[in-house]
Each structure stands twice: as structure tokens, then as C-alpha cells.
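In our numbering, the protein residues as written are 699 to 841.
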Amino acid sequence: PKGANPASQWPFGDYFIPEFQDIWERDLPLIAEMGANTIRIGGWNHNANHAQFLDTVHKYGLKAIITFSLGNSGQTPVGLEWQRQGTIGTFLWQIRTYMAHPAILAWQFGSEMNAAWNNFLDAFSSAYGCGWNGGYYPYDPNG
Numbered sequence: 699p700k701g702a703n704p705a706s707q708w709p710f711g712d713y714f715i716p717e718f719q720d721i722w723e724r725d726l727p728l729i730a731e732m733g734a735n736t737i738r739i740g741g742w743n744h745n746a747n748h749a750q751f752l753d754t755v756h757k758y759g760l761k762a763i764i765t766f767s768l769g770n771s772g773q774t775p776v777g778l779e780w781q782r783q784g785t786i787g788t789f790l791w792q793i794r795t796y797m798a799h800p801a802i803l804a805w806q807f808g809s810e811m812n813a814a815w816n817n818f819l820d821a822f823s824s825a826y827g828c829g830w831n832g833g834y835y836p837y838d839p840n841g
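This is the structure we're talking about:
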């Protein structure tokens, strides 16, 4: 919604819960009417129920690509094996929860995980000692 800051205000970008049904009931028919067939969800709260939203997506003949949002390495630590396995377990739980829903076209695991601001490259490098660096490097045409 206009004026909302999804980083610091409830529902933290998850407008796919029943409290915001009026938004999707307004927008999804317009998206279908313009000829689109797929929407991409940038992320949602893993603990909320999104079945009603997905039912509405399906009702209008649309498909959804769901991003399993990781935020950054501070929000989703990956430095220790149990942290990585916990994240994978939550992702699998989400897939199992919604895998039979006809509105889902695909899942995306994370978004821009290689971007410097997410700090995943540095976190994985520290965990595995592989020497990755998430910093920006200028383009060198000579290789």
C-alpha cells in the first residue's frame, strides 16, 4: 500500500494474507485482464497461511512464482551447518505445504544471494574457506 514501509511496518511486505484480500481481489483480475499469466511473489512470511491468496490467483487463471525470501545473511545466517539445514528445512516445509496447489508454477530460493548487500558470499566464504568476496569489482576488459 502507498506510504507503507515493508522493511519496518507490519505486515513486512507480506500482503498475501487474508487481511489484505481487498488488494488482491482488486489487482489480480486486472493483471489477468491485461493478458498476463504469471506473477512473481518477492517473498512472504513463512509462518503465515497463503492458501486463500493462492486460491484467488488460481480463480483468475494466473500462476505464481513464489520466492522463498532469505533477506540477508544477518536475517538468515548461513555460517554454520545447522543454520543452513534449518533454512533448507523451512523451504522444504513451504514446498510441502503448497506443492499441490494449482496456482504455483515454480519456487525461487532466495533473491540476489550473490549481491554484496546480502553478504551471503562472504558468509559462505567464511564457512567453507573458499576465498569468495562479495565486494564489487570494476570491469577489466583484459581479464
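Where is the CB? At the ideal position from N, CA and C, for every residue including glycine.
According to the neighbour-count rule (16 or more other Cβ atoms, all chains shown, within 10 Å of its Cβ), is residue i buried or exposed?
| i | result |
| --- | --- |
| ASN735 | exposed |
| ASP720 | exposed |
| SER824 | exposed |
| PHE807 | exposed |
| GLY672 | Here the chain comprises residues numbered 699 to 841, so residue 672 is not present and cannot be evaluated. |
| THR774 | buried |
| ILE764 | buried |
| ASP712 | buried |
| SER706 | exposed |
| ALA762 | buried |
| ALA845 | Residue 845 lies beyond the residue range present for the chain, which begins at 699 and ends at 841; the question has no answer from this structure. |
| ALA798 | exposed |
Tell me, to the nearest whole angstrom, how far the beta carbon of residue i is from that of residue j; I am working on the premise that it is less than 8 Å.
| i | j | result |
| --- | --- | --- |
| VAL755 | PHE818 | Wrong, their Cβ atoms sit about 29 Å apart, outside the cutoff. |
| ALA730 | GLY759 | 6 Å |
| PHE714 | PHE751 | 4 Å |
Taking the alpha helix (DSSP H) that residue i belongs to, which residues open and close that run?
| i | result |
| --- | --- |
| GLY754 | The displayed chain sequence assigns Thr, not Gly, to residue 754. Note, THR754: alpha helix (DSSP H), 749 to 757. |
| LEU790 | 779 to 796 |
May I ask which residues mark the beginning and end of the beta strand (DSSP E) holding residue i?
| i | result |
| --- | --- |
| ALA814 | Counting along the chain, ALA814 falls outside any beta strand (DSSP E), and DSSP gives it neither H nor E. |
| TRP805 | 802 to 807 |
| THR765 | 761 to 766 |
Among the options, which one has its Cα closest to the Cα of residue i?
| i | options | result |
| --- | --- | --- |
| ILE793 | SER706, ASN747 and ASP712 | ASN747 |
| GLY787 | PHE766, PHE822 and GLN750 | PHE766 |
| ASP753 | SER809, TRP722, TRP791 and TYR826 | TRP722 |
| LEU803 | PRO709, PHE714, ILE739 and PRO727 | ILE739 |
| SER771 | TYR826, ASN816 and SER809 | ASN816 |
| TYR826 | PRO716, GLY733, PHE710 and LEU778 | LEU778 |
| ASN743 | GLN783, ALA801 and PRO716 | PRO716 |
| ASN745 | ALA814, ARG782, THR795 and PHE718 | THR795 |
**Q.** Whole alpha helix (DSSP H) elements within the region 727 to 751, 4-residue minimum
**A.** none
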